[in-house]
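Colleague: This is the structure I want to talk about, given as structure tokens.
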Ligand code: ADP
Ligand code: MG
Ligand code: ZN
């Protein structure tokens, strides 16, 4: 990101420290040691010195605090050799010297005394600081140098005029952009909102798989609003030293409040925001908890109106976050940043293709068609790979064949990380989802079918059919539940009809269908054979259609068998209903699936009009 970053890169600071330490050593070796020690004088034991005094061999003595130097007499009145000894506490010495007629004096104060002692005072702390800093910077360091162990490591981005990220740099993710445009507006004109007494949201959580542009979106918000952007990664809060994480949070928000209005962006929020209850046994836990608590305190701390600091955070694992983080007043807004569909992928490719020279034959739409499941980052990487291949092939532009080869390379790498469907799988998923949609369009209990997608979503689903309720429902009748089960089996039934074989993709559907059928029998008393009895223990309130059944009561062998038979009967009837519906509407199934394969997503009015052509099988028991 070519945005100005206000931070000395750690490497250059590290080199600076090493240089400082070396300089100090150099000073000590060359100046201080000679001054302190002076020229080398041979030392002798104190007893020898006394002996020599007593035997009258000593000419002159200089008594210092730490050293006694003495010169021996010579025959011809020339300067004799000088020795030194270490004094012991001896009050008799002056008397003895006088007796023997030795000339003696105290040592003069050392020359350059003030300078030496100044160096003596200054250099050791400097060395200490240098070493300290070395370790701190190895642990991550801080922006303000020496005393920065607790300071936040946030990088501050300020709008550089030339390269500032805007929403134009982000393709697709329309819903996310719509949400965030509002945030930009909050930042630009907070008065408009506070005037009416509206509370400006404090936290927005961007949720989505890796590489879908969460970080990019956060930067775009800052760029659009023209405000400072503090960016820090959750993993940077988690430190070796206890208490550092929380003091970093405190410091980060202190800085942010000074610069308000501004944006604080916490990437990888899950690194600190993991649920406190799901604790591990390792020691880092306490530290993370403190950091999390501090973050919560800070978010509660700045009241609406006094400073417009908006906290954006990103995560690809919202399910592990502590519920306290998601409470109102904290990250109460969640924005889904999902993998791009066909047209989004084309738009993303267009943005990144601007950076390379394209050949005449390049067809971005064709490339987008061949890259289902790619996230934005994968597409950016794809364009770069293609450019590299073009350069290797000695071309001055990127050709379609470079893209074709790059796709193969990227896919090979991606398949391990996320799901990229091949053409056959894509076709199966398409028919499967249309199967759900067709059967689902005939049932009222599940709401209206609003969207069919074969863009792999998140980590689990390969495609999905979205049914939204048209009204709040609190009760469901038996026909609606049977319809729901049939809808769940619609996917598998379509596979059976079209391909004559079944894939592993329907496992979750079957699980849910069976659970629902079992609850009809054992909880809701909807079986004529078994009657209105609850065959399950410990009723927990649960919403219709979710959760697994509770453990069964103690049952007799026959009752258990009867339950199993009834559950099987319900599921099989529903399966037959689904098959009948799909066979009756085979042409429509083909038509919608073909279209879905082309566009990957069908939704809204277009979908409604297609599904309105579904015919009801006369023998089926749906409420249509
Ligand atoms: P995340 O934070 O969701 O993991 P990033 O924002 O870091 O993903 O995206 C990595 C890179 O991928 C971006 O810098 C950008 O080049 C590219 N990218 C991702 N999504 C998009 C998008 N929707 N439009 C344009 N480029 C994108
Ligand atoms: Mg990111
Ligand atoms: Zn399914």
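Numbering (the working numbering), first residue to last: 204 to 827.
All C-beta atoms, glycine included, are put in the ideal place defined by N, C-alpha and C.
What do you reckon, is the C-beta of residue 417 under 7 Å from a heavy atom of the ligand MG?
Modeller: Indexing the chain shown from 1 puts residue 417 at position 214. It does: the Cβ of residue 417 is within 7 Å (strictly closer) of some heavy atom of the ligand MG.
Colleague: Since residue 265 is in the beta strand (DSSP E), which residue starts that stretch and which ends it?
Modeller: Locating residue 265 in the chain shown gives position 62, where the first residue counts as 1. It spans 261-266 - the beta strand (DSSP E) in which residue 265 sits, taken as one unbroken run.
Colleague: When the Cα atoms are used, what is the spatial distance from residue 474 to residue 428?
Modeller: Here the question's residue 474 lines up with position 271 in the chain shown. Here the question's residue 428 lines up with position 225 in the chain shown. Distance between the alpha carbons of residue 474 and residue 428: 28 Å.
Colleague: Do you know how far the Cα of residue 541 is from the Cα of residue 469?
Modeller: The residue you call residue 469 lines up with position 266 of the chain shown. The residue you call residue 541 lines up with position 338 of the chain shown. Going from the Cα of residue 469 to the Cα of residue 541 covers about 19 Å.
Colleague: Please list, in chain order, all residues of the same chain as residue 830 whose beta carbon is under 7 Å from its beta carbon, the five residues on each side excluded.
Modeller: Nothing can be reported for residue 830: it is not among the residues displayed for the chain, which extend from 204 to 827.
Colleague: What's the gap between the Cα of residue 804 and the Cα of residue 558?
Modeller: Walking along the chain shown from the start, residue 804 turns up at place 601. Walking along the chain shown from the start, residue 558 turns up at place 355. If you take the alpha carbons of residue 804 and residue 558, they lie about 29 Å apart.
Colleague: Please state whether the Cβ-Cβ distance between residue 535 and residue 404 is less than 8 Å.
Modeller: Residue 535 sits at position 332 when you count from the first residue of the chain shown. Residue 404 sits at position 201 when you count from the first residue of the chain shown. Yes. Within cutoff.
Colleague: Beta carbon of residue 514, beta carbon of residue 379: below 8 Å?
Modeller: What you label residue 514 is simply residue 311 of the chain shown in a count that begins at 1. What you label residue 379 is simply residue 176 of the chain shown in a count that begins at 1. Contact flag unset, no.
Colleague: Contact check, residue 799 vs residue 818 under 8 Å by CB: the rounded distance?
Modeller: Reading the chain shown from its first residue, position 596 is the one you call residue 799. Reading the chain shown from its first residue, position 615 is the one you call residue 818. With 8 Å as the limit, residue 799 and residue 818 do not qualify as a contact, their Cβ atoms being about 20 Å apart.
Colleague: Which residues does DSSP list as the beta-bridge partners of residue 470?
Modeller: Within the chain shown, the letter at position 267 stands for residue 470. Note: residue 470 sits in a beta bridge opposite 436.
Colleague: Among 436, 632, 369 and 407, which residue has its Cα nearest to the Cα of residue 532?
Modeller: Stepping through the chain shown from its first residue, residue 532 is reached at position 329. Checked all of 436, 632, 369 and 407; the closest Cα to residue 532 is 407.
Colleague: Within 10 angstroms of the Cβ of residue 826, are there 16 or more other Cβ atoms? Answer buried if so, exposed if not.
Modeller: Start at 1 with the first residue of the chain shown, and residue 826 comes out as number 623. Confidence is the limiting factor: at residue 826 the pLDDT is only 43, short of 50, which leaves the residue's position unreliable and the question unanswerable from this model.
Colleague: Under 8 Å: do the segment 577-592 and the segment 409-416 share three or more Cβ pairs, one atom per stretch?
Modeller: Touching, per the Cβ criterion.
Colleague: Just the Cα atoms here: how many angstroms apart are residue 294 and residue 335?
Modeller: Taking the chain shown and counting its residues from 1, the one referred to as residue 294 is at position 91. Taking the chain shown and counting its residues from 1, the one referred to as residue 335 is at position 132. Their Cα atoms are separated by approximately 46 Å.
Colleague: Of the residues 658, 283 and 568, which one's Cα is nearest the Cα of residue 603?
Modeller: Looking up residue 603 in the chain shown gives position 400. When only C-alpha atoms are compared, the closest one is 568.
Colleague: If you run the structure through DSSP and keep just helix, strand and coil, what is residue 539?
Modeller: Translated into the one-based positions of the chain shown, residue 539 becomes position 336. Note: residue 539 maps to strand in three-state DSSP.
Colleague: What is the C-beta distance between residue 671 and residue 693, in whole angstroms, given that I count them as a contact (C-beta under 8 Å)?
Modeller: Reading the chain shown from its first residue, position 468 is the one you call residue 671. Reading the chain shown from its first residue, position 490 is the one you call residue 693. Actually they do not touch by this definition, with Cβ atoms about 17 Å apart.
Colleague: State the CB to CB distance for the pair residue 476 and residue 524, rounded to an integer number of angstroms; the pair is presumed to be in contact (CB under 8 Å).
Modeller: Walking along the chain shown from the start, residue 476 turns up at place 273. Walking along the chain shown from the start, residue 524 turns up at place 321. Confirmed, Cβ separation roughly 5 Å.
Colleague: Rounded to whole angstroms, what's the CA-CA distance from residue 750 to residue 624? Just pull it up for me.
Modeller: Walking along the chain shown from the start, residue 750 turns up at place 547. Walking along the chain shown from the start, residue 624 turns up at place 421. Its pLDDT being 49, under 50, residue 750 is placed unreliably in this model, and the coordinates cannot settle the point.
Colleague: Short of 6 Å in beta carbon distance, which residues of its chain neighbour residue 521, apart from the five on each side in sequence? Order them along the chain.
Modeller: Reading the chain shown from its first residue, position 318 is the one you call residue 521. Within the same chain, residue 521 has close Cβ partners 410.
Colleague: If you draw a straight line from the C-alpha of residue 668 to the C-alpha of residue 636, how long is it?
Modeller: Reading the chain shown from its first residue, position 465 is the one you call residue 668. Reading the chain shown from its first residue, position 433 is the one you call residue 636. Looking at the two C-alpha atoms, the distance is approximately 6 Å.
Colleague: Take residue 308 as the anchor and find which of 368, 279, 267 and 328 has the nearest alpha-carbon.
Modeller: By 1-based counting over the chain shown, the position of residue 308 is 105. Residue 308 has its Cα closest to that of 267, out of 368, 279, 267 and 328.
Colleague: Within 10 angstroms of its Cβ, does residue 681 collect 16 or more other Cβ (buried), or is it exposed?
Modeller: As a first step, residue 681 is located in the chain shown; it is residue number 478 there, counting from the start. By the 10 Å Cβ count, residue 681 comes out exposed.
Colleague: Under 5 Å, CB to any heavy atom of the ligand ZN. Which residues pass, going along the chain?
Modeller: Having a Cβ closer than 5 Å to some heavy atom of the ligand ZN are 694 and 712.
Colleague: Closer than 7 Å: is that where the CB of residue 410 sits relative to any heavy atom of the ligand GDP?
Modeller: What this structure holds is the ligand ADP, the ligand MG and the ligand ZN, not the ligand GDP.
Colleague: Buried or exposed for residue 744, going by 16 or more other Cβ atoms inside 10 Å?
Modeller: On the chain shown, residue 744 is found 541 positions in, with the first residue counted as 1. With a pLDDT of 44 at residue 744, under the threshold of 50, the modelled position of that residue is not reliable, and no figure is offered here.
Colleague: So what does DSSP say about residue 270, is it helix, strand or coil?
Modeller: Reading the chain shown from its first residue, position 67 is the one you call residue 270. Residue state, collapsed to three classes: coil.
Colleague: Specify the secondary structure class of residue 653 as computed by DSSP and reduced to three states.
Modeller: Within the chain shown, the letter at position 450 stands for residue 653. Reduced to three states, the DSSP call for residue 653 is strand.
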